[in-house]
Amino acid sequence: MATVILGISAFYHDSAAALVVDGDIVAAAQEERFTRKKHDPAFPAMASEYCLKEAGLTLSDVDYVVFYDKPLLKFERLLETYLSYAPRGIKSFLAAMPVWMREKLYLKKTLRRELAELGGMAEKDLPQLMFTEHHQSHAASAYFPSPFQKAAVLCLDGVGEWATSSVWLGDGNQLKHQWEIQFPHSLGLLYSAFTYYTGFRVNSGEYKLMGLAPYGEPIYVDLIMDNLIKVKDDGTFRLNMKYFNFATGLTMTNSHFDDLFGGPARTAETEIAQREMDIAASIQVVTEEIVIKIAKTVKAELDVDYLCLAGGVALNCVSNGRLLREGIFKDIWVQPASGDAGGALGAALSIWYEYLENPRVAEEGDSMRGSYLGPRASDEEIRSYLDEAGANYQYLPDTEFYPHIAKILATENVIGWYQGRMEFGPRALGGRSIIGDPRSAKMQSIMNLKIKYRESFRPFAPSVKFEKVSEWFVHDRSSPYMLMVAPIVEDKRLAMTAEQEKLFGIEKLNISRSQITAVTHVDYSARIQTVHPETNPRFYNLLDAFETEDGCPVLVNTSFNVRGEPIVSTPEDAYRCFMRTEMDCLVLENFVLMKPDQPKWTEIEDWQNEFELD
């Protein structure tokens with residue numbers, strides 16, 4: 006009999022479910038993709054239902070359900086924090102305690118109730134319910150799917166129960182905890198404090214801060230290091246809590262922080278000034294320096310060749326790229342669902358390897374299946390929906406399909422690309438993507454302002470055929486999850502004029518810097534996704550056809566959604582997004598739809614009212 010383990014993360018942000026059968030990762034998905042509520046924290050009933058359906062199982066077939074952290078330890082941290090800061094934080098305490106006393110403190114009871122409803126069964130018949138610690142889940146998600154048989158593991162996030170940074174040694178089927186830094190001293194919360202201060206939303210806007218950094222100068226680094234954080238030579242650190250409000254308050258920063266940086270936090274959706282750009286550049290430099298120092302310490306202490314990363318900070322692909330180029334480790338591997346969603350997968354893998362003590366042999370590449378772990382739509386389901394919607398389409402066999410789509414791309418059209426299984430994690434990797442020609446000078450502006458409806462400064466990522474990556478980027482290995490930033494190679498760059506070199510801040514935005522201008526950031530960097538025929542043959546075949554058509558093995562790739570909307574999951578989600586935006590073409594498997602051929606869109610609701618801006 007197979008051993009079936011269902012991992013769950015829920016009740017904070019980015020709820021998810023993951024199913025592991027005899028150690029194989031069968032399915033994983035975030036609840037937001039089904040409920041259409043971005044970062045949905047609710048119990049992942051629909052994601053769990055999908056995972057079981059993908060495996061042809063019901064909840065009664067599951068041996069273990071495992072939750073990704075330990076709520077009693079988290080409650081202990083909450084209480085001790087409030088007591089140590091009393092009487093400060095009374096407002097926050099009064100806001101948090103009723104929720105904890107009503108729901109989170111009795112999480113085991115809540116989970117059993119939700120699971121009984123999910124499985125349509127009595128609570129006494131439920132699978133065994135287990136709990137892992139938060140950073141243990143992160144560490145397991147990073148190490149067990151990795152291609153390394155022995156590796157150091159570094160977890161950096163906001164906070165779990167107590168840990169904010171932790172180091173582990175993964176060896177065979179075991180993870181050995183080495184050391185940790187505890188709340189309130191947190192690199193993730195420091196970065197989130199600056200996310201808040203620059204007017205972006207915590208837990209979703211951190212990547213905007215990272216994207217803004219190259220427009221600024223790191224003039225505040227010394228101010229940060231002298232006042233906000235004390236960093237030792239080994240990379241360990243302590244925050245000066247005088248400047249922060251997150252431990253006990255309802256905001257991330259306070260008036261002392263405002264005074265230090267010469268004014269209040271930027272109001273969301275207002276104009277971004279040079280100050281915000283310089284602040285973004287400065288905290289990015291500080292983050293990278295801390296990560297590099299910790300990595301060097303870990304290497305010296307554990308003397309291993311490889312490093313695995315997880316936790317929200319591991320989504321900082323600029324830091325990851327620098328860490329790789331520093332050459333501290335032979336290679337690094339980052340869990341593509343590094344945030345809380347990935348904790349569901351890590352919890353399940355921890356039970357299989359650590360608790361049940363099953364042997365582990367690392368797989369070449371990794372065991373994440375390219376992170377294509379979500380649902381797919383059959384041709385019958387797609388055709389049925391399109392006919393019901395009155396859509397006009399053509400269905401092309403593969404021999405005609407790829408050359409046809411390549412020609413559409415080569416004429417600067419933007420395509421909604423819906424193929425195969427949906428990605429697990431925050432990145433679109435060619436399953437639910439919006440794609441375009443990276444050489445088009447207008448592509449970044451069109452995608453940002455007319456399709457994604459988001460801030461103009463935000464860069465797009467290139468997807469490139471794996472074997473061609475080093476021809477275009479200073480990068481010599483796979484990067485399938487879009488979690489590494491690397492420079493554009495010199496011979497693909499375009500020289501700037503003396504006048505252009507003088508431009509400052511956001512003025513740099515619309516200058517073409519390379520042959521693939523739409524994916525080249527202002528510092529000549531790009532967030533790379535290498536595409537492999539083994540994990541995504543259809544996306545690879547399209548890149549191949551585009552290269553045959555126009556000589557370029559690279560495409561612009563961004564997630565298939567508008568701002569504030571989760572990535573599309575179903576054909577209906579995809580068609581609705583296509584019709585609401587200025588996309589030119591929609592491709593659902595082999596079904597091809599052109600915008601001028603579609604009936605008039607009559608839905609009266611506006612996506613900007615439907616989705617809360619992130």
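Residue numbers (my numbering): 6 to 619.
Beta carbons: idealized from backbone N, C-alpha and C, even for Gly.
Contact between tyrosine 220 and isoleucine 288 does not hold, since their C-beta atoms are separated by about 14 Å, which reaches or exceeds 8 Å. Of all C-beta pairs linking the stretch 137 to 153 to the stretch 161 to 175, three or more are shorter than 8 Å, placing the two stretches in contact.
DSSP assignment within the stretch 545 to 591 yields the following whole beta strand (DSSP E) runs of 3 residues or more, N-terminal first: 559 to 564.
Boundaries of the alpha helix (DSSP H) harbouring leucine 192: 192 to 202, taken from the DSSP string. Between tyrosine 390 and glutamate 570, the gap from beta carbon to beta carbon reaches 7 Å or more.
The residue among Lys155, Arg381, Tyr458 and Ala382 with its C-alpha nearest the C-alpha of glutamate 274 is Tyr458. A distance below 7 Å separates the beta carbons of valine 323 and valine 490. Taking C-beta atoms under 8 Å as the contact rule, alanine 34 and methionine 427 qualify, at a distance of about 7 Å.
Straight across, the Cα-Cα distance linking methionine 126 with leucine 62 is about 14 Å.
With respect to leucine 192, leucine 161 sits close: the two C-beta atoms are nearer than 7 Å. Following the DSSP letters along the chain, one finds threonine 404 inside the alpha helix (DSSP H) bounded by residues 403 to 415.
Under the criterion of beta carbons closer than 8 Å, glutamate 615 and isoleucine 456 do not qualify as touching, at roughly 16 Å. Counting along the chain, lysine 301 sits inside the alpha helix (DSSP H) bounded by residues 279 to 307. Rounded to the nearest whole angstrom, the C-alpha separation of methionine 6 and methionine 135 is 20 Å. In its chain, beyond the 5 residues on either side, Val469, Phe471, Val474, Ser483, Ser484 and Pro485 have a beta carbon closer than 7 Å to the beta carbon of threonine 535.
In this structure, DSSP gives arginine 41 a state outside helix and strand, which the three-state scheme calls coil. If you compare the alpha carbons of Glu281, Lys237 and Ser564 with that of tyrosine 202, the shortest gap goes to Glu281. For aspartate 68, there is no enclosing beta strand (DSSP E), as DSSP marks it with neither H nor E. Approximately 37 Å separates the beta-carbon atoms of valine 592 and tryptophan 357; this is outside 8 Å, ruling out the contact. The Cβ atoms of glutamate 594 and isoleucine 410 do not sit closer than 7 Å to each other. Here alanine 382 is not near methionine 448, since their CB atoms are 7 Å or more apart. Residues of the same chain with a CB within less than 7 Å of the CB of serine 445, apart from the 5 flanking positions on each side, are Glu417 and Ala523 in chain order. For glycine 175, the secondary structure class from DSSP, reduced to helix, strand or coil, is strand. In the three-state scheme derived from DSSP, where H, G and I count as helix and E and B as strand, aspartate 336 is classed as strand. Per the C-alpha coordinates, the member of Lys114, Val479, Glu460 and Pro46 positioned closest to glutamate 276 is Glu460.
Within the DSSP secondary-structure output, phenylalanine 596 pairs in a beta bridge with Tyr400 and Leu593.
Of Asp371, Pro542 and Phe583, the smallest CA-CA separation from isoleucine 439 is found for Phe583. Tryptophan 477 carries a helical assignment under DSSP once its states are collapsed to helix, strand and coil.
Selection Tyr73, Asn562, Asp263 and His44 evaluated against glycine 12 yields Tyr73 as nearest (Cα-Cα). In this chain, arginine 432 is not harboured by any alpha helix (DSSP H), its DSSP state being neither H nor E. Secondary structure note for methionine 215: its alpha helix (DSSP H) is the uninterrupted segment 211 to 217.
Taking C-beta atoms under 8 Å as the contact rule, isoleucine 295 and valine 236 qualify, at a distance of about 6 Å. DSSP, read as helix, strand or coil, puts serine 14 in strand. By the neighbour-count definition (other C-beta atoms within 10 Å, threshold 16), lysine 181 is an exposed residue. With a threshold of 16 other beta carbon atoms within 10 Å, alanine 346 meets it and is buried.
Taking the Cα positions, leucine 350 is about 33 Å away from isoleucine 234.
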